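Residue numbers (UniProt numbering), protein chains in the order written: chain A, 1 to 489; chain B, 1 to 244.
What follows is a short report on a single structure.
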């Protein structure tokens, strides 16, 4: 009965949190202030998935990592024409629309096709570039695959949420479609034989082939209507003023033929230099940055997680029924949902209320909230492992409950839970890799950047694995040392 | 004689299980009382009700003019300073040295300064014959030594009365003597003591009054001689026939 009550209370609390949020995204028929808003804020935040050369990818320019490609140039021009600064947010392609709807970004310039489905939820500019839809295969299969029908019974990959994904699904009956969120990983899958081809746009396909001599690209003859092939800029629904401004910029680009004379050749140049610098050593700064961010996230999260966790464990042990129930609900709920969902919820959901919440802070908050639940349980078990006789002895001497906890129970409990706490720390280093999905520059995220920059899939992953292992292993050794000291002290 | 603790109509239930049914007695100042009786008779519960480690279901515990069963947590903490307790399982703090065990409460509760607390702690350790163990940790002590430290720890708060909850029951037989010796010295010095015990020899030697408990009542009260030589109730006769 008690359990049931707790469960119902938990559901009620969940709805209390979710309901107000669900209202936020549906604000129809408001006056269009899109253009003024951006001019007022002085910056244009553009979302993209920087793993899609030649549209958007990363390259080293004068020793620094920068986003480059056709879309980046368009974004720069648009920001310049609007008279504002440009800020780029890199995230996975399938997070982009949510990011736009929850005001994380002002526009998406990420080779996005204005499909009817997408048009229903966002506004699009005119099409600024159109390419054919290609399929990339392994060169050794060149004789096997010549058109769409040849893939019957095989598997073809495409980026999740992309036009190509739907094309494969609709126009290649008998073919299984495999969706991944990163093109790098699809190329990996292709080369390891997990899939037989990847559907992608012509320029991107050509870019991959140019940088990887084991691949081959061809036009398999997808039938695509004109409004589906092209790339356009996406804005929030009901922002005609901003769309008009973007169309003006795009018209200029077209008039001066900037794409063919400037943007595409420049992108190609970056891709070549990237190919020349293809050794992993030249990307050590990526990994160093990733380690830095991973450590920042982990240490901050464990710090706040520990404080909140201590509080939660005391609440759970409290005689006050309300405090107890809140703690139980929180702990059970957090432990019963995946960290990945929590990270996305904090960034997109809570971030919809607090507009300026940066991805890094959102990532840290989500990981801290998550680890607090686990730490709370560790601390509770530590406190409960202390015999009641200890408390009774202290109380019989006239010590207050607070002092009893502070001087007698907690010090002993901490000693008991030290190994479990250390484990939580080590776990968090690994689990923090999840924050890469919202574009926080941790080690996993940097690894993905290196993958797309070098067109190599396995090596960066291997390096990331080794780095993660070195971090966790040395940390657990360090904790062991500390623990031994504690036991002797 | 002055009254130290007055117990009035004390009852304690755990759910439907009545452990203490109705107890009204008085502990006088300077008195040594030994509470004896068969296991499950409620002796320990009774003792733990006196300093409200167990909250009485009803009734009054009057100590220092206040009813411990019906006062705030804060006031209770103040009165507990004056009512020491020694446990069957010693309950020393394993994360502190012997001396730190003794110093903790005076420093945190009475705000005694470190130097005074150390001096007093050493004095008390000397009294129980363990001065040389001051810097050791409880783990390295024998059971008898642990219990002597626990007594010193209780004494450090300068209590007016000390409650002993079967202080020798967890000890190996050869260590019982050293603890009883300390307790006897304490009794000789005029300390008011309530001792729940199975040591009939100690009760006979040291007690001013013996309370025989059974079935949640104090069945019989008398001098050791009266209780041990001429028990009146059938329950007492039965019990003493088994243990003596």
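In this text, a Cβ means the ideal position worked out from N, Cα and C, and glycines have one as well.
Just so it is clear, the structure is predicted and the values come from calculations on it, not from any experiment.
Inter-residue CB distance, residue i and residue j (contact presumed, cutoff 8 Å)
i                      : j                      : result
residue 135 of chain A : residue 198 of chain A : 7 Å
residue 166 of chain B : residue 44 of chain B  : 7 Å
residue 57 of chain A  : residue 161 of chain A : Between residue 161 of chain A and residue 57 of chain A the Cβ distance is about 19 Å, and since that is not below 8 Å, they are no contact.
residue 41 of chain B  : residue 213 of chain B : 5 Å
residue 175 of chain B : residue 143 of chain B : 5 Å
residue 124 of chain B : residue 156 of chain B : 6 Å
residue 142 of chain A : residue 216 of chain A : 5 Å
residue 38 of chain A  : residue 106 of chain A : 6 Å
residue 113 of chain A : residue 231 of chain A : 6 Å
residue 87 of chain B  : residue 382 of chain A : In fact, because the Cβ distance is near 22 Å, the residues do not count as touching under 8 Å.
residue 241 of chain A : residue 35 of chain A  : 4 Å
residue 162 of chain B : residue 191 of chain B : 6 Å
8 Å Cβ cutoff, residue i in contact with chain B
i                      : result
residue 398 of chain A : yes
residue 419 of chain A : no
residue 393 of chain A : yes
residue 405 of chain A : no
residue 389 of chain A : yes
residue 415 of chain A : yes
residue 27 of chain A  : Confidence at residue 27 of chain A is low in this model, with a pLDDT of 45, below 50, so its placement is unreliable and no value can be given for it.
residue 24 of chain A  : In this predicted model, residue 24 of chain A has a pLDDT of only 48, less than 50, meaning its place in the structure is not dependable; the value taken from the coordinates is given anyway. Not an interface residue.
residue 426 of chain A : no
residue 159 of chain A : no
residue 411 of chain A : yes
residue 68 of chain A  : no
residue 408 of chain A : yes
is_contact[residue i, chain A] using C-beta, thresh 8 Å
i                      : result
residue 239 of chain B : no
residue 94 of chain B  : yes
residue 166 of chain B : no
residue 105 of chain B : yes
residue 143 of chain B : no
residue 87 of chain B  : yes
residue 53 of chain B  : yes
residue 157 of chain B : yes
residue 235 of chain B : no
residue 78 of chain B  : yes
residue 109 of chain B : yes
residue 81 of chain B  : yes
residue 91 of chain B  : yes
Nearest candidate by alpha-carbon position, reference residue i, set the options
i                      : options                    : result
residue 520 of chain A : A:349, A:244, A:290, A:337 : As displayed, chain A neither begins before 1 nor continues past 489, which places residue 520 of chain A out of reach and without an answer.
residue 61 of chain B  : B:36, B:176, B:8, B:193    : B:8
residue 148 of chain A : A:167, A:421, A:130        : A:167
residue 285 of chain A : A:71, A:464, A:87          : A:464
residue 399 of chain A : B:80, B:136, B:57          : B:80
residue 372 of chain A : A:38, A:331, A:150         : A:331
residue 387 of chain A : A:408, A:287, A:262        : A:408
residue 228 of chain B : B:3, B:21, B:34, B:46      : B:34
residue 71 of chain B  : B:52, B:174, B:12, B:113   : B:52
residue 20 of chain B  : B:2, B:138, B:59, B:104    : B:59
residue 188 of chain A : A:214, A:335, A:97, A:299  : A:214
residue 419 of chain A : A:117, A:169, A:482, A:316 : A:482
residue 27 of chain B  : B:47, B:3, B:101           : B:3
residue 62 of chain A  : A:47, A:137, A:282         : A:282
residue 279 of chain A : A:60, A:454, A:69          : A:454
residue 413 of chain A : A:429, A:377, A:247, A:363 : A:377
residue 52 of chain A  : A:325, A:109, A:251        : A:109
residue 102 of chain B : B:172, B:146, B:77, B:200  : B:146
residue 74 of chain B  : B:99, B:148, B:164, B:109  : B:109
residue 417 of chain A : A:138, A:480, A:436        : A:480
Residue i CB to nearest heavy atom of the ligand PLP below 7 Å
i                      : result
residue 453 of chain A : With respect to small molecules bound, the structure shown includes none, and the ligand PLP cannot be examined in it.
Beta strand (DSSP E) segments (min. 3 residues) lying fully within the stretch 119-154 of chain A: 122-130, 133-138
Runs of alpha helix (DSSP H) wholly within the stretch 196-257 of chain A (minimum 4 residues, chain order): 202-211, 226-229, 240-255
Secondary structure, beta strand (DSSP E): runs of 3+ residues fully inside the stretch 48-85 of chain B: 58-63
Residues of the stretch 321-335 of chain A with Cβ closer than 7 Å to any Cβ of chain B, in chain order: none
Secondary structure, alpha helix (DSSP H): runs of 4+ residues fully inside the stretch 91-168 of chain B: 98-109, 114-127, 143-155
In chain order, each alpha helix (DSSP H) run of at least 4 residues that lies wholly inside the stretch 174-228 of chain B: 200-206
The stretch 83-113 of chain A: positions lying closer than 8 Å to chain B by Cβ: Listed by position along the chain: nothing, the set is empty.
Start-end ranges of the alpha helix (DSSP H) lying completely within the stretch 72-116 of chain A, minimum 4 residues: 96-101
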